[in-house]
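In order, the protein sequence lines correspond to chains A and B.
What the first sequence shows, in this note's numbering, is residues 48 to 218, in sequence order.
What the second sequence shows, in this note's numbering, is residues 776 to 881, in sequence order.
Ideal Cβ placement from N, Cα and C applies to all residues, glycine included.
Here is the structure we will look at, set down as structure tokens.
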Amino acid sequence: MTVDATTIILLAALLVAGVATVMISDLLLAAIGLAVSSAILTLILFHLGGPLAAVFELSVCAGLITVVFIATISLTKADSCEDARWDKLRILKRFVFLPLVVAIVGWRLAVSGIHAERIAAPLSGEVEGVRQVLWSMRRLDLLGQILIILAGVFGVVVLFKGKNDDEEAAK
Amino acid sequence: MTGGLAALFALGVVFVVLLAVSALYCILVSRNLIRILIGLELLIKSVTLLLGVAGYVTGRMALAQTFIITLIVIEVVVIAVAAGVVIGIHRRNHDLDAGKLRNLRG
Numbered sequence: 048m049t050v051d052a053t054t055i056i057l058l059a060a061l062l063v064a065g066v067a068t069v070m071i072s073d074l075l076l077a078a079i080g081l082a083v084s085s086a087i088l089t090l091i092l093f094h095l096g097g098p099l100a101a102v103f104e105l106s107v108c109a110g111l112i113t114v115v116f117i118a119t120i121s122l123t124k125a126d127s128c129e130d131a132r133w134d135k136l137r138i139l140k141r142f143v144f145l146p147l148v149v150a151i152v153g154w155r156l157a158v159s160g161i162h163a164e165r166i167a168a169p170l171s172g173e174v175e176g177v178r179q180v181l182w183s184m185r186r187l188d189l190l191g192q193i194l195i196i197l198a199g200v201f202g203v204v205v206l207f208k209g210k211n212d213d214e215e216a217a218k
Numbered sequence: 776m777t778g779g780l781a782a783l784f785a786l787g788v789v790f791v792v793l794l795a796v797s798a799l800y801c802i803l804v805s806r807n808l809i810r811i812l813i814g815l816e817l818l819i820k821s822v823t824l825l826l827g828v829a830g831y832v833t834g835r836m837a838l839a840q841t842f843i844i845t846l847i848v849i850e851v852v853v854i855a856v857a858a859g860v861v862i863g864i865h866r867r868n869h870d871l872d873a874g875k876l877r878n879l880r881g
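This is the structure in structure tokens:
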């Protein structure tokens, strides 16, 4: 595959969604913008020929993480946070330079160019399957993933342990 | 690497860098903890895109997919724990302003 119009449109849409997510003043809309970015990244991964990673991205990042963000926003929205006090104009002032920064960096990269010929070479020979790689070559990664998930579960349990539990433990 | 793949890789890297710059800007400028988490999430998305493009260009998409799946698992755990920390901070301080977190100040 060479660089076709679909790839350029999807990459541009991902960048626009990302910048919009950062610049939107409402946190709930920002979380939804993040989900849209994940959905576009899913399309890109499908387009690149990685359906398994794309499905993970769609279900976990666009689904689960958005739910976590919306739950966190709704649990912390009652009072506080700068968004309640600061008006939208002041928040917008902070991020007004972002499109400028992105444009400057993009122009700089376009001018200097990236010499990909020296970075990587395509693999020759047999194409490997995801199942073979995951269960044979990267078996240790699965153990690491299990340990990370367990660490996360224990972390959340410790964070949400009630005050009564602490008092009983002290007695 | 053929010309088409090299051009695709160069284009992908440009967009990855631009997305990462946006995310870093968000993390550096924001004072709201949830917005900082959103910036972190965007930064991880740029890495996911880089892995996908690199996997396609080098012809090792299967290996890239396993790395992306591992990255997504780590991402979920980090965001879940960080969201728990944010909720805990809000319960204690009734505020999410990162500039006002002075509980551990010496």
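- Between A:Val107 and B:Ala837, the CB-CB gap reaches or exceeds 9 Å.
- Note on geometry: alpha-carbon atoms of B:Asn878 and B:Thr845 lie some 34 Å from one another.
- Secondary structure remark: continuous alpha helix (DSSP H) runs of at least 4 residues inside the region 820 to 881 of chain B, in chain order: 836 to 868.
- At least one beta carbon of chain B lies nearer than 9 Å to the beta carbon of A:Val115.
- Taking C-alpha positions only, A:Gln192 is separated from B:Ala829 by approximately 22 Å.
- When the Cα atoms are used, B:Arg806 and B:Ala858 turn out to be separated by approximately 15 Å.
- Counting C-beta pairs closer than 8 Å gives three or more between the region 786 to 793 of chain B and the region 151 to 160 of chain A, which meets the contact rule.
- With respect to chain B, the C-beta atom of A:Val177 has a partner C-beta closer than 9 Å.
- Rounded to the nearest whole angstrom, the CA to CA distance from B:Lys820 to A:Ile195 is 19 Å.
- Under the three-pair Cβ rule at 8 Å, the region 136 to 143 of chain A does not count as touching the region 115 to 124 of chain A.
- Contact between B:Val861 and B:Leu783 does not hold, since the beta-carbon distance rounds to 38 Å and is not under 8 Å.
- Inclusion of A:Val69 and B:Ile813 in the CB contact set at 9 Å is warranted, their separation being smaller than that value.
- For A:Val107, there is no enclosing alpha helix (DSSP H), as DSSP gives it neither H nor E.
- Within 7 Å of the CB of A:Ala60, no CB atom of chain B is found; the nearest one sits about 10 Å away.
- Rounded to the nearest whole angstrom, the C-alpha separation of A:Val102 and A:Leu74 is 26 Å.
- Taking A:Ala64 as the centre and dropping the five residues before and after it, the same chain places the C-beta of Gly80, Val83, Ser84, Ile87 closer than 8 Å to its C-beta, in chain order.
- Spatial neighbours of A:Leu62 in its own chain (CB-CB distance under 8 Å, excluding positions within 5 residues in sequence) are listed in chain order as Val149.
- Within a 10 Å sphere around the beta-carbon of B:Gln840 sit 16 or more other beta-carbons, which makes this residue buried.
- Taking the Cβ atoms as the reference, B:Ile843 lies roughly 16 Å from B:Leu817, outside the contact range of under 8 Å.
- Chain B places no beta carbon closer than 9 Å to that of A:Val158, leaving this residue out of the contacts.
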